[in-house]
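Just so we're aligned, residue 11 is where the sequence shown starts under our numbering, counting upward by one. A virtual CB, placed ideally from N, CA and C, is assigned to each residue, including glycine. Here's the structure we're looking at; comments come further down.
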Amino acid sequence: MIQESRKRLKRPSRVHPVADLSQRKSFKQASALAGIETVGLSILFFAYWLLHISGSVLAPLLAPTVVSFLLVLTTSGSPMSRPLRVIAAYAVAGCVGFAIAALPGPVFIKAVLAGGITMLLMHLFGVFHAPAIAIPMIAVLTSASAGIAVLALPLLVLLAVLVVVLAWATHRVLGDANYPQAWW
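Structure, rendered in structure tokens:
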């Protein structure tokens with residue numbers, strides 16, 4: 011009887027990572043990858059400089075953009091790295107963040123509320139992209155105003171598009187023509 015019950019209980023299957031980043035690479039591979047990633051980061055920083063954002067309230071928005079670029083580049087097979095999901099996640103996060111930032115109340119409560127609502131909407135819309143969760147937090151913590159939101163929302167979408175284009179180009183340079191595997 012015990013053996014029958016053991017047969018009915020199935021052992022959970024092993025979960026495989028999307029990308030095994032723990033594997034060591036040869037010096038040549040690591041140098042090429044790091045070089046291309048550095049070029050991509052340089053382009054993101056150049057866009058910030060070109061748009062005169064470096065000294066403004068919008069400057070902290072560079073952090074999630076850099077993380078998104080590296081995430082999309084290293085986990086290109088993940089649903090979280092699909093181009094339209096990245097762009098939509100940035101749009102959702104920006105809308106929620108700047109809307110909550112405009113509300114009165116303690117910053118801590120607004121930041122937690124903005125993060126929670128953003129995660130809820132991303133899950134509901136099927137556009138979850140983890141680095142975008144930082145965007146509403148940044149909007150609230152920098153006390154972004156409605157005037158900043160008018161500039162920041164198109165900027166966020168533009169930066170998300172830039173992340174996707176850079177990741178696409180990097181994959182082509184590295185000889186990996188599989189990105190994106192799916193657009194949505």
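Comparing alpha-carbon positions, the option among F138, R182, L80, V122 lying closest to I97 turns out to be F138. Residue state for Y100 is assigned as helix, using DSSP reduced to three classes.
The Cβ atoms of V173 and V102 lie no closer than 9 Å to each other. Per DSSP, S41 is one residue of the alpha helix (DSSP H) stretching across 37-60. Taking the Cβ atoms as the reference, L151 lies roughly 11 Å from V122, outside the contact range of under 8 Å. Within the region 101-171, complete beta strand (DSSP E) segments of at least 3 residues are not found at all. The continuous stretches of alpha helix (DSSP H) do not include P70, and DSSP gives it neither H nor E. Beta-carbon to beta-carbon, L54 and F79 are separated by about 6 Å, close enough to satisfy the 8 Å threshold. In this structure, A140 keeps its C-beta atom at 9 Å or more from the C-beta atom of G104. Residue state for W178 is assigned as helix, using DSSP reduced to three classes.
For I143 against G125, the beta-carbon gap comes to about 6 Å, under 8 Å, which counts as contact. Nearest Cα to K120 within the set M132, I145, L168: I145. Taking I46 as the centre and dropping the five residues before and after it, the same chain places the C-beta of T180, V183, L184 closer than 7 Å to its C-beta, in chain order.
Contact annotation: T75 and L169 have beta-carbon atoms nearer than 9 Å.
Here L166 is buried: its Cβ has 16 or more other Cβ atoms, across all protein chains shown, within 10 Å. Taking C-beta separations shorter than 8 Å and ignoring five residues to either side along the sequence, the partners of L161 in its chain run L68, following chain order. The C-alpha of W178 lies about 26 Å from the C-alpha of L131.
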